[in-house]
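Its first residue numbered 1, the sequence shown is counted upward by one per residue in the UniProt record's numbering. Where is the CB? At the ideal position from N, CA and C, for every residue including glycine.
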Amino acid sequence: MSGWTTDEMPRLDGKTVVVTGANSGLGYEGTRAFAAKGATVVLACRSVGRGEGAADELRADAGGEVVGELDVRECDLASLDSVAAFAEGLRDDYDAVDALCNNAGVMAIPRSETEDGFETQFGVNHLGHFALTGRVFDLLNAAEGIEGDARVVTQSSGAHESGEMDFSDLNWEESYGKWKAYGRSKLANLLFAYELQRRIDAASDDDVGVCSVACHPGYADTNLQIRTGEESGNPLMKVGMRLANAVLGQDAATGALPMLYATTADVDGGAYVEPGGLLNMRGAPTIGRSNDASYDREDARKLWEYSEEATGVEFPV
Numbered sequence: 001m002s003g004w005t006t007d008e009m010p011r012l013d014g015k016t017v018v019v020t021g022a023n024s025g026l027g028y029e030g031t032r033a034f035a036a037k038g039a040t041v042v043l044a045c046r047s048v049g050r051g052e053g054a055a056d057e058l059r060a061d062a063g064g065e066v067v068g069e070l071d072v073r074e075c076d077l078a079s080l081d082s083v084a085a086f087a088e089g090l091r092d093d094y095d096a097v098d099a100l101c102n103n104a105g106v107m108a109i110p111r112s113e114t115e116d117g118f119e120t121q122f123g124v125n126h127l128g129h130f131a132l133t134g135r136v137f138d139l140l141n142a143a144e145g146i147e148g149d150a151r152v153v154t155q156s157s158g159a160h161e162s163g164e165m166d167f168s169d170l171n172w173e174e175s176y177g178k179w180k181a182y183g184r185s186k187l188a189n190l191l192f193a194y195e196l197q198r199r200i201d202a203a204s205d206d207d208v209g210v211c212s213v214a215c216h217p218g219y220a221d222t223n224l225q226i227r228t229g230e231e232s233g234n235p236l237m238k239v240g241m242r243l244a245n246a247v248l249g250q251d252a253a254t255g256a257l258p259m260l261y262a263t264t265a266d267v268d269g270g271a272y273v274e275p276g277g278l279l280n281m282r283g284a285p286t287i288g289r290s291n292d293a294s295y296d297r298e299d300a301r302k303l304w305e306y307s308e309e310a311t312g313v314e315f316p317v
């Protein structure tokens, strides 16, 4: 594979990066790359035990090489109280955050609800990250940032193309399709990311030093697909997901490149970073374009207002 690699990432000494879902898959590989460049990485994980295990592995893999500090903290995106507690702890211990990578997610699971009563895919993938971003926005705005501005990087998916916003049933109470729900949550990620940048651009306060970027990892061989197969209750789905990972998936380190590029390269706010190879599912990161629905300003406004009311979190922009 030719194109941008982690070799082109700048040094990140003195920078603080928060990564949700940092204990496995894309988050784990992203954490590895950030730490290798000297950043302090806050591993925001649902399970502190799994997070500590991942941090220990990363330190061991680094051998004698100096890596940035790894700070494991609990953040369960299925609980707005947990998100609030995580953000409060972060404000207690850090003066600024240079980048927030909204990476964690669940995919195509049977219908369930978060602690707060939201359908889990929408609640975790979108609402949890919306609340987290709003609660740490002041820390982002206080940072020197990376390549000019602090970054909010929101991990979406090519599955956003199958997503449709139905504001009469965002909680999937009338009917539920697990893949449709996943697509909607990934479309919501993009509507949020682009609306956040529009609000930053429109802010009367010229001192807002934050930019919002979205990304898509392509098809990466991670536990996300494995977990989907296992939780489906379908033996064929379980085998199929493992086979698809083996045949189609690029490794997780390559899948993390769009997120790393979106966080550290010189990109404009509102950009969409995706693999530049076959069907935008493989290859080095490049600036692309998501589907037309993701740029719908009216849907973005409605989603923003719903999300503020649902989470009780308001942004200063």
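Would you identify the three-state DSSP class for residue i, choosing helix, strand or coil?
i           : result
residue 6   : helix
residue 102 : strand
residue 185 : helix
residue 119 : strand
residue 28  : helix
residue 16  : strand
residue 201 : helix
residue 91  : helix
residue 314 : coil
residue 195 : helix
residue 208 : coil
residue 71  : strand
residue 306 : helix
residue 299 : helix
residue 285 : strand
residue 108 : coil
residue 240 : Model confidence at residue 240 stands at a pLDDT of 49, short of 50, so the residue's coordinates are unreliable and nothing is read from them.
residue 213 : strand
residue 272 : strand
residue 262 : helix
residue 84  : helix
residue 220 : strand
residue 257 : helix
residue 11  : coil
Verify whether the separation of the beta carbon atoms of residue i and residue j is less than 9 Å.
i           : j           : result
residue 146 : residue 263 : yes
residue 181 : residue 135 : no
residue 21  : residue 256 : no
residue 261 : residue 4   : yes
residue 331 : residue 159 : Beyond the ends of the chain as shown, which are 1 and 317, falls residue 331; an answer cannot be given.
residue 99  : residue 150 : yes
residue 61  : residue 32  : yes
residue 175 : residue 105 : no
residue 183 : residue 163 : yes
residue 303 : residue 188 : yes
residue 19  : residue 103 : yes
residue 115 : residue 92  : no
residue 318 : residue 285 : With the chain covering 1 to 317 only, the question about residue 318 has no answer from this structure.
Report the CB separation of residue i from residue j in whole angstroms; it is logged as a contact under 8 Å.
i           : j           : result
residue 83  : residue 132 : 5 Å
residue 351 : residue 210 : Given a span of 1 to 317 for the chain in the structure shown, any question on residue 351 remains unanswerable.
residue 213 : residue 271 : 5 Å
residue 252 : residue 28  : 7 Å
residue 190 : residue 290 : 5 Å
residue 170 : residue 311 : Rounded, the Cβ-Cβ distance is 13 Å, inconsistent with contact.
residue 259 : residue 218 : At roughly 11 Å, the Cβ-Cβ gap does not stay under 8 Å, so residue 259 and residue 218 are not in contact.
residue 64  : residue 12  : With a Cβ gap of about 20 Å, residue 64 and residue 12 do not count as contacting.
residue 87  : residue 143 : Their Cβ separation, rounded to whole angstroms, is 15 Å, which puts residue 87 and residue 143 out of contact at 8 Å.
residue 121 : residue 215 : Actually they are not in contact, since the Cβ atoms of residue 121 and residue 215 sit about 19 Å apart, beyond 8 Å.
query = Which whole runs of the alpha helix (DSSP H) in the segment 126 to 175 are 4 residues long or more, in chain order?
reply = 129 to 141
inquiry  = If contact is defined by three or more beta carbon pairs under 8 Å, each pair taking one atom from either stretch, is the segment 27 to 46 in contact with the segment 70 to 87?
reply    = yes
request  = Could you pull out every unbroken beta strand (DSSP E) segment of at least 3 residues lying fully inside the segment 19 to 67, listed in chain order?
outcome  = 40 to 45
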